[in-house]
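Engineer: Heads up: the protein sequence lines correspond to chains G and Z, in order.
Mapping to our numbering: the first sequence position 121 is 104, numbers consecutive.
Mapping to our numbering: the second sequence position 171 is 451, numbers consecutive.
Backbone N, C-alpha and C define an ideal beta-carbon position, used for all residues, glycine too.
Bear in mind that the values here come from a model prediction, so they are computed numbers and not experimental data.
Pasting a structure here, questions to come.
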Amino acid sequence: MVADYPQGVDMAAAIAAGFVLDRRAAVPKLIGRHEDFLFVTGLAGTARDIAALTQDGAHIYTMAGAMGGACMIGLGLALARPDKRVLVATGDGELLMNLGALATIAVLNPANLALLCVDNGHYGETGYQKSHTSLGVDLERIAAGSGIKRTRTVASEADLAEGARMLREGNGTAFVVLKVKPDEPPSYKRNMDPTSCRVRFRGALLGTA
Amino acid sequence: MPANRDNSVRWEDELYDLLRRNNVTQFAYVPDAGHRSLIDRSLADPGVHSVALTTEEEGVALLAGADLGGARAVLLMQSSGAGNCINMLSLIKGGHFPFLTLLSMRGDFGEGNPWQYPMGQAVEPVLSAMGVICLRIERPEEVIPTVSAALTMVFQGGNAVAVLLTQKLLGAKAF
């Protein structure tokens, strides 16, 4: 019998390590009403998570390169628009590429910014090689050690409600790790042209390109 | 030291005022002696966000996010920081984001530290390769007209521009 998860993944080991939730169900549950947020996403998995959730809406800016930039794009947007809630949804690999951003964000601590790391412990886009979070690195502790005061790891259905509340409320930046199975994100064909996505986003938010 | 200290102080203050008049409200930087005046004034200004970075590439992404929200930002860095930005500039070039950076140069005119030369000498070819237009400033009286031109090129022309504050302007460090 052929496994129904990506080739090369040791799913039993991943589940034993706490990567249990199905991202296709857990991400929408955690976010809830997506229209309440402006989104910046990482490259592959999270771009597809959020594009599928919003039908590639004009309130999302998804990346397909410039890895390591998602959190800081979110910070610039959150500082520019304190009247809006900004949610950065990115993967463990993308976040690991620029951990210093957590320190930079913690110092500013904007209350309208939330960071969601969809952590599957793997680099899904390049063939599901294990990432550092499968090898002992704890992103919530890194975020807390960076100075972000509101942090949470969501690893089971029971944690989802509290994680969802943190993304939406609070007097400082929130950081939530959502641990998920190393399984395929939703298949969704999003707009991958960075310029037209910029124009679309600004047009919807500002009424101008 | 710069040839004329009084002249230098004047352009530094005028430069901050020029950026503020042009609605720049996010100042991102890795601490640097060459940008001390701009950094200190941004920290003291309740009307702007002063964003200390751990590495310069964070600033590239921050500027793009500011633009998505309709705000204007500037990245202040040393020449060595240009190298830390290169792949992140894919975001700027690919997305046609307006991008303004002011670089204080090392590894050029009169530099005594051999470690500063490789990146200092590579700033212009490397930034140019990523689509960033480089404007060099060597004399105090060029600062305000050049940065004014850069502001127009970036926020009206929709370009990426680096203004290089050279060691002829700033003075070479002795170490």
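(1) Verify whether the separation of the beta carbon atoms of residue 41/G and residue 161/G is less than 8 Å.
(2) Since I believe residue 385/Z is in contact with residue 340/Z (beta carbons under 8 Å), could you give me their beta-carbon distance rounded to a whole number of angstroms?
(3) Using the beta-carbon count (16 or more within 10 Å), is residue 436/Z buried or exposed?
(4) Starting from the C-beta of residue 86/G, find all residues in its chain whose C-beta is less than 6 Å away, skip the five residues before and the five after it, and write them out in chain order.
(5) With a cut-off of 8 Å, does the C-beta of residue 79/G fall near any C-beta of chain Z?
(6) On the criterion of 16 or more Cβ atoms from any shown chain inside 10 Å, does residue 387/Z qualify as buried, or is it exposed?
(7) Report whether the distance from the Cβ of residue 3/G to the nearest heavy atom of the ligand NAD is below 7 Å.
(8) When the cut-off is 8 Å and only beta carbons count, does residue 183/G lie next to chain Z?
(9) Express the C-alpha separation of residue 375/Z and residue 107/G in angstroms, rounding to a whole number.
(10) What would DSSP say about residue 74/G, mapped onto helix, strand or coil?
(11) In the DSSP assignment, find the unbroken beta strand (DSSP E) run with residue 357/Z in it and report its ends.
(12) Alpha carbon to alpha carbon, what distance is there between residue 75/G and residue 1/G?
(13) Mapping the DSSP letters down to three states, classify residue 105/G as helix, strand or coil.
(14) Spatial neighbours of residue 111/G within its chain, please: CB distance less than 8 Å, with the 5 preceding and 5 following residues excluded, ordered by chain position.
(15) Of all the residues that make up the segment 363 to 384 of chain Z, which are near chain G by a beta-carbon distance shorter than 7 Å?
(16) To the nearest angstrom, how far is it from the Cα of residue 429/Z to the Cα of residue 415/Z?
(17) So is residue 176/G buried or exposed if we call it buried at 16+ other beta carbons inside 10 Å?
(18) Where DSSP assigns a beta bridge to residue 309/Z, which residues make up the other side?
(19) Who does residue 23/G pair with in a DSSP beta bridge?
(20) Using a C-beta cutoff of 8 Å, does residue 338/Z count as contacting chain G?
(21) Ignoring anything shorter than 4 residues, give me the alpha helix (DSSP H) runs that lie fully in the segment 92 to 136 of chain G, in order along the chain.
(22) Step through the CB atoms of chain Z and report whether any lies within less than 8 Å of the CB of residue 49/G.
Structural biologist: The short version:
(1) no
(2) Actually they do not touch by this definition, with Cβ atoms about 19 Å apart.
(3) exposed
(4) 129
(5) no
(6) buried
(7) With respect to small molecules bound, the structure shown includes none, and the ligand NAD cannot be examined in it.
(8) no
(9) 25 Å
(10) strand
(11) 352 to 358
(12) 15 Å
(13) strand
(14) -11, -10, -9, -8, 105 and 165
(15) 367, 368, 370, 371, 374, 375, 376 and 377
(16) 10 Å
(17) exposed
(18) 332/Z and 356/Z
(19) 44/G and 71/G
(20) yes
(21) 122 to 129
(22) yes
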